[in-house]
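Below is one structure; the comments refer to it alone.
Chains as they are written, first to last, in our numbering: chain A, 100 to 464; chain B, 100 to 464; chain C, 100 to 464; chain D, 100 to 464.
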């Protein structure tokens, strides 16, 4: 019997990111309302594709989710069907089970798979494209570090949460003469720290791309004191690194016989600064996953919706194997073959870093 | 005696817009910290320039204002020194008093005037440039309707306020089966309505650029009912217009002998819809100036700061007569001669309007 | 056959109010987890009871609703089963159909009916109690005007929304020298205006309980000017009344041949003030239903949860015919017979009004 | 020469707390507007009183501070003039320097000293009262643990910040099946954890007053899994304690040769839980001082204002040696002699704890 309408499937992979639901909603609504496609969603990312766990996505299913963080399709981290942990003869072994996924897509009658995820998730998407599956990618990273797109959704939401925290810390820092450390996400790229630092009026921004020198931070605090500012706000990306290994005191912890989590760089830095800066109490806040959840910002809702609509347009035009992206203010697309593995770090010579320096922010370098 | 450093003056003109203080701060800090310039600010826009009312702008003056709406320099609306109301022989007459301003700048030793304002304010800036004054313009409009720049600061803040209001209205609309009307700013351009409508999950968006037909709105409400959605959310720009003059009932008010303010289009529309839609209570909210004040959004703080730094860079490079702007994600500049009078309306065929239509939003057309 | 467990039914009536879902959740969870009761909810208030439209309420149904405005049970306004509009012989007539409701409760096996509503909804609850139904009432009014309880949920949320709007209006009022009018809810009681006025730093608060004199408002604006404050913020309750009928200009509108909605008192007042206050632009904001929806405040979530748990405790103790309430900081209860019709207006001699006057707020009297 | 008006002095002591500025504003405005008193503020708490560092407090000084966290008077921690560190003959020694303070008050002509602070700060206030100084106390603690007053300002703000963080963590926890730990303030009293846990829909609340058993937490997580909830939210007060010393793994850190700060109990608990709970990633957030700063909540602005007005009323009535407080919904006062040292812990048998248990929250006991 002839099949008249297309059937598309969605999945979300990797860590949480505000805007996932907005993409799911935009894809579903556009597919149904504009093209009459059928839409399903695999649960738990690629794992659901392997286990054939899917739910129908209808106008009702995606109702009321635009503003919500999280993903109604759930997600899984690090599940790679090309190198997947399965039980075989009572043992757990890693195998390429991508054929199972391909088979499942066929059985289900899925014409196109829309994959929303970060670099890892999209790598698999590319690999499925190589296997002949019609794939469309939608980039997702809270860190804004994908080279192929100017902005990723979730980033503005994360920066806003961090900025609001900096606003809060300011009043206390000022009236109680404190050094306040705020640790934000960014293991490899310092975008969240950079933008929230500028927006939240930080005095020092520490990012992985510009290794810091403890003494320079102490200097900056001293300079501010001379100007009558008896407090300082430091925003530090998770992945910030010292220039010359001057993190001494907290090394004791790392040398402990047991692998120990210290709650991040902010706490280490607080320990180190405490020895060098007198007359100031130092306090740290670790925002953690509050940056990844909650209500999606206005900016991200619009960007996610644009991505979602664009993904369906690519399907309608049969431009498979591509990822939607934003160039300047224009929605565009790029081959998945070209985007994988290309990250976008903060360039220490970029306009934004210069802007920060111009208004007097120190990078501890 | 030789004057060693430059002196720059700032003024803000026109309606309020979140981000003005952030620009003032960025200009002041960059000018002082990077170039050792002296900075002053004229109060009340051009009026202060005419009356020679200025205050010094120092690191202290601009401390703690980054996130705050409003302008520490105050503003005035519609003050045009080239056509200014002055008393002469006991009568109020309109005169060109721009020479007084030029004289004041000279006496004060101001090298460059940085003007932050909308089309009207910048027109005067251009006219002062023509008179030989070193002028740098910074675009300001909450409506995002300047052709020369992709985005203006204040716009994201306004859209966020409107979106939050839509979020609030949603819960009640849904559980109480209401038609909710939200009136947002936008007399000539519908950008705020368009973006907040997409972000806030509106069912109908009414903007000046796309005249509406009352019956189409009623139709949309009816369609939703058939899908089991017993509520609808309508966001309407102040300047939204009916296609065929079908605003009947509220005409009575307009025909009254006395000019009467009805609190805007939302109330008129509510009156009209009430006659046509049965079984639904209709409620309207008029956000008014809550869209122009309060804390500046993260996005706008960064954009304003970039504009402010860029304005000082133009001064340092002696590129006078220009306005800073954003092209894609790049800060740039454009001659004031070219930017005046060029507005940017919502193009009914633009990607963003299509995105809205794709996910099922009606424009009442 | 012996029935082993109790079955309780919930319904929500009247206008929207943040906290309804929190009560529904707390009743359901406590009933199931602590007592093993079965719980159902009638949809659309009493109408659902009449039409026997109910849904089961389980741990799953009430999951994720604590913070959400609205009510998952929907509501209806003004449906009184003791005087209900029904079709009879082709005509709509008003009849007492309460016996149908009683019959439905019996058929469904409902032991106790929990009614969440305002004075009107609770009047019916009392009437059902008089008919022998086991009823527990939970007070709901955004206006905080129930005599039997010190605080009602929803009120703190509404005050917070109004206060945030006042915060936003402040920055613009100050930098642009505006008179800003904010209209908030409160047709008969001025609590929202009073508390948001104190919290939002208003200069004038107009409430139904203290009729105002236009000239006194103008006087206050003048006094502020003398102190160098060239702006004023006025918060006005919907039901605020003029002392001596000095609302002149806007009468034209009211005298129009067609009943016309002006979008409330704020717009009328703006018209009137505009004639009397020179040199100031006057702007008004009408918050409308944004005060009733959106996320429930922390305070209201806790109060609603306490009410919900207390309602189930009353059931367990078979203390029927009562309404839960808050006295000081203690949860208590009161007979429905005693609470109906007793409202709590703002006492012009109360501590809170005196506090407002002490810090210089005018009531326009 | 006869002195006609009173002069009152304010100081703020101890840690930051939203509402301090609101008290300062209310005291100043009421004192000036209602009684014509002169008002000054000592900077840096008691240290400023010792060093005679004061500023005049006028209507202008306190303008625009109502909503702001922090204190315009600054504060100092642990400065006790009855046991104060001073240099004497080149050495630092502890001395009673309270007479210097008394002398300063006399020289300055201060009639009454208003002290805003927590238990430590108020202890000194009482001691100054014993020395014959006219003192009025205003209670300040974010922890809400003062026995003499039902509610302290700052508490609602802190609970709201924590609740918002829990809201944010929820979406990610749910869609990514995480165990989320949120560490909130509360070294000795668990009020913030208790209220934010109820309001933020936590599954487990750990407070100092109810020691926890790790296994019970693991049990609760397991129970939720059986109900299909693959995530859990745990809110933990800084001072939460294990029942039987089952914190094993993180002991390594504590046994380190160097005193080490781990960023709090949340990180320790995460380490411990990680060993016991499989198949879940565990993430922790440490809110730190974001709970103490930023905008003051609506509730706290009103309470602070009431306290401030009441403090001046006590001065007018010459009821010295007292602290203002809230009993139920009534502002009252209590002798400083009676309030010092009386804290209010969470009673494990209180209604609020029972409410939490009723809706299924575990205390890990």
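Glycine included, C-beta positions come from ideal geometry on N, C-alpha and C.
For a quick check, are the C-beta atoms of residue 257 (chain C) and residue 292 (chain C) less than 8 angstroms apart?
Here the question's residue 257 (chain C) lines up with position 158 in the third chain. Here the question's residue 292 (chain C) lines up with position 193 in the third chain. Taking 8 angstroms as the Cβ cut-off, residue 257 (chain C) and residue 292 (chain C) do not qualify as a contacting pair.
Could you check where the beta strand (DSSP E) with residue 108 (chain C) kicks off and where it finishes?
Mapped onto the third chain, residue 108 (chain C) falls at position 9. Annotation: the continuous beta strand (DSSP E) that includes residue 108 (chain C) extends over 106-111.
Given this structure, state the Cα-to-Cα distance separating residue 279 (chain B) from residue 462 (chain B), to the nearest angstrom.
Residue mapping note: residue 279 (chain B) aligns to position 180 of the second chain, counting from 1. Residue mapping note: residue 462 (chain B) aligns to position 363 of the second chain, counting from 1. When the Cα atoms are used, residue 279 (chain B) and residue 462 (chain B) turn out to be separated by approximately 16 angstroms.
Are residue 298 (chain A) and residue 171 (chain B) close, meaning C-beta to C-beta below 8 angstroms?
As a position in the first chain, residue 298 (chain A) is number 199, starting the count at 1. As a position in the second chain, residue 171 (chain B) is number 72, starting the count at 1. No. Outside cutoff.
Could you tell me whether the Cβ of residue 400 (chain B) comes closer than 8 angstroms to any Cβ of chain A?
Mapped onto the second chain, residue 400 (chain B) falls at position 301. Among the CB atoms of chain A, one or more fall inside 8 angstroms of the CB of residue 400 (chain B).
Check whether the Cβ atoms of residue 286 (chain A) and residue 216 (chain A) sit closer than 8 angstroms, and answer yes or no.
Here the question's residue 286 (chain A) lines up with position 187 in the first chain. Here the question's residue 216 (chain A) lines up with position 117 in the first chain. Taking C-beta atoms as the reference points, residue 286 (chain A) and residue 216 (chain A) fail to come closer than 8 angstroms.
Are the segment 136-145 of chain C and the segment 439-450 of chain C touching, with three or more C-beta to C-beta distances below 8 angstroms?
In short, these stretches do not touch, since the Cβ pair count stays below three.
Closest residue to residue 166 (chain A) among B:259, B:277 and B:211 (Cα-Cα distance)
Numbered from 1 along the first chain, position 67 holds the residue referred to as residue 166 (chain A). Nearest to residue 166 (chain A) by alpha-carbon distance, out of B:259, B:277 and B:211, is B:259.
What first and last residue would you give for the alpha helix (DSSP H) that runs through residue 123 (chain D)?
The residue labelled residue 123 (chain D) in the question sits at position 24 within the fourth chain. Residues 119-134.
Check the Cβ-Cβ distances between residue 404 (chain D) and every residue of chain C, and say whether any is below 8 angstroms.
Translated into positions along the fourth chain, residue 404 (chain D) becomes position 305. Cβ-Cβ to chain C under 8 angstroms: yes for residue 404 (chain D).
Using a Cβ-Cβ cut-off of less than 7 angstroms, list which residues of the segment 439-458 of chain A approach chain E; keep chain order.
The chain inventory of the structure shown lacks chain E, comprising the protein chains A, B, C and D.
Interface residues of chain C around residue 167 (chain B) at Cβ under 9 angstroms?
The residue given as residue 167 (chain B) occupies position 68 in the second chain. Within 9 angstroms of the CB of residue 167 (chain B), the CB atoms of chain C belong to 270, in sequence order along the chain.
I need the straight-line Cα distance from residue 241 (chain C) to residue 395 (chain C), nearest angstrom please.
In the third chain, counting from the first residue as 1, residue 241 (chain C) sits at position 142. In the third chain, counting from the first residue as 1, residue 395 (chain C) sits at position 296. Spanning the alpha carbons of residue 241 (chain C) and residue 395 (chain C) requires a straight line of approximately 12 angstroms.
In the structure shown, what three-state DSSP assignment does residue 152 (chain C) receive?
For the purposes of this step, residue 152 (chain C) is taken as the residue at position 53 of the third chain. Here residue 152 (chain C) sits in coil by DSSP.
Under 7 angstroms, CB to CB, which of the residues in the segment 106-134 of chain A have a partner in chain B?
Under the 7 angstroms Cβ criterion, the segment 106-134 of chain A contributes 125, 128, 129, 132 and 133.
How would you write the range of the beta strand (DSSP E) that residue 442 (chain A) sits in, first residue to last?
As a first step, residue 442 (chain A) is located in the first chain; it is residue number 343 there, counting from the start. From DSSP, residue 442 (chain A) is part of no beta strand (DSSP E); its letter is neither H nor E.
Between the segment 423-434 of chain D and chain C, which residues of the former have CB atoms less than 8 angstroms from a CB of the latter, in chain order?
Going along the segment 423-434 of chain D in chain order, one finds 426, 427, 428, 429 and 430 with a Cβ nearer than 8 angstroms to chain C.
Are the beta-carbon atoms belonging to residue 421 (chain D) and residue 236 (chain D) less than 8 angstroms from one another?
Taking the fourth chain and counting its residues from 1, the one referred to as residue 421 (chain D) is at position 322. Taking the fourth chain and counting its residues from 1, the one referred to as residue 236 (chain D) is at position 137. In this structure, residue 236 (chain D) lies closer than 8 angstroms to residue 421 (chain D) by Cβ.
Starting from residue 383 (chain A), find everything on chain B with Cβ-Cβ shorter than 7 angstroms and list it in chain order.
Mapped onto the first chain, residue 383 (chain A) falls at position 284. Residues of chain B with a Cβ closer than 7 angstroms to the Cβ of residue 383 (chain A) do not exist, since the nearest Cβ in that chain sits about 22 angstroms away.
For residue 382 (chain A), report the span of its beta strand (DSSP E) as first-last.
In the first chain, the residue the question calls residue 382 (chain A) occupies position 283. For residue 382 (chain A), the enclosing beta strand (DSSP E) starts and ends at 380-385.
Cβ-Cβ separation, residue 112 (chain D) to residue 175 (chain D) (assumed contact under 8 angstroms), whole Å
As a working note, residue 175 (chain D) is residue 76 in the fourth chain. As a working note, residue 112 (chain D) is residue 13 in the fourth chain. A Cβ-Cβ distance of about 7 angstroms is found for the pair residue 175 (chain D) and residue 112 (chain D), placing them in contact under the 8 angstroms criterion.
Please determine, among D:252, D:204, D:131 and D:322, the residue with the shortest C-alpha to C-alpha distance to residue 230 (chain D).
Along the fourth chain, one-based indexing puts residue 230 (chain D) at 131. Taking residue 230 (chain D) as reference, the option from D:252, D:204, D:131 and D:322 with the minimal CA-CA separation is D:204.
Could you please give the first and the last residue of the uninterrupted alpha helix (DSSP H) stretch that includes residue 402 (chain B)?
Start at 1 with the first residue of the second chain, and residue 402 (chain B) comes out as number 303. Unbroken alpha helix (DSSP H) run through residue 402 (chain B): 397-415.
CB-CB length for residue 308 (chain C) against residue 445 (chain C), believed under 8 angstroms
Within the third chain, the letter at position 209 stands for residue 308 (chain C). Within the third chain, the letter at position 346 stands for residue 445 (chain C). Going by Cβ atoms, the distance from residue 308 (chain C) to residue 445 (chain C) rounds to 5 angstroms, so yes, they are a contact pair.
Counting only C-beta atoms, is residue 249 (chain A) closer than 8 angstroms to chain B at any point?
In the first chain, the residue the question calls residue 249 (chain A) occupies position 150. For residue 249 (chain A), the answer is yes, since a Cβ of chain B falls inside 8 angstroms of its Cβ.
Please identify, using Cβ separations under 7 angstroms, the residues of the segment 235-268 of chain A that lie next to chain B, in order along the chain.
For the segment 235-268 of chain A, residues whose beta-carbon sits nearer than 7 angstroms to a beta-carbon of chain B comprise 249, 255, 258, 259, 262 and 266.
Hey, does residue 275 (chain A) have any beta-carbon neighbour from chain D nearer than 8 angstroms?
What you label residue 275 (chain A) is simply residue 176 of the first chain in a count that begins at 1. Yes, residue 275 (chain A) counts as interfacial toward chain D.
Below 7 angstroms on C-beta distance, what does residue 174 (chain A) contact in chain D?
In the first chain, counting from the first residue as 1, residue 174 (chain A) sits at position 75. Listed by position along chain D, the residues whose Cβ is nearer than 7 angstroms to that of residue 174 (chain A) are 274 and 275.
Among A:414, A:150, A:322 and A:195, nearest to residue 207 (chain A) - alpha-carbon criterion
In the first chain, the residue the question calls residue 207 (chain A) occupies position 108. Of all alpha-carbon atoms in A:414, A:150, A:322 and A:195, the one lying nearest the alpha-carbon of residue 207 (chain A) is that of A:150.
Spatial neighbours of residue 221 (chain B) within its chain, please: C-beta separation below 8 angstroms, excluding the five flanking residues on both sides.
If you number the second chain from 1, residue 221 (chain B) lands on position 122. Counting only Cβ-Cβ distances below 8 angstroms, and skipping sequence neighbours, we find 214, 236, 238, 422, 435, 438 and 439.
Taking beta-carbon pairs under 9 angstroms, can you tell me which members of the segment 295-308 of chain B lie near chain A?
If you check each beta-carbon in the segment 295-308 of chain B against every beta-carbon of chain A, the ones closer than 9 angstroms belong to 295, 297, 298, 299 and 300.
Looking at C-alpha atoms only, which residue of D:329, D:288, D:429 and D:234 is the closest neighbour of residue 415 (chain D)?
Here residue 415 (chain D) is taken as the residue at index 316 of the fourth chain, counted from 1. Considering only alpha carbons, the answer is D:234.
Can you check whether the CB of residue 200 (chain B) is closer than 8 angstroms to the CB of residue 180 (chain B)?
The residue labelled residue 180 (chain B) in the question sits at position 81 within the second chain. The residue labelled residue 200 (chain B) in the question sits at position 101 within the second chain. Contact: yes.
Assign residue 303 (chain B) to one of three DSSP states: helix, strand, or coil.
Your numbering for residue 303 (chain B) matches position 204 in the second chain. DSSP places residue 303 (chain B) in strand when its eight states are reduced to three.
Return the first residue and the last residue of the alpha helix (DSSP H) that residue 316 (chain D) is part of.
In the fourth chain, counting from the first residue as 1, residue 316 (chain D) sits at position 217. It spans 313-325 - the alpha helix (DSSP H) in which residue 316 (chain D) sits, taken as one unbroken run.
Determine the chain C residues that contact residue 391 (chain B) at a beta-carbon separation under 7 angstroms, and present them in chain order.
Position 292 of the second chain, counted from the start, is the residue given in the question as residue 391 (chain B). Within chain C, the residues 271 have their CB atoms less than 7 angstroms from the CB of residue 391 (chain B), given in chain order.
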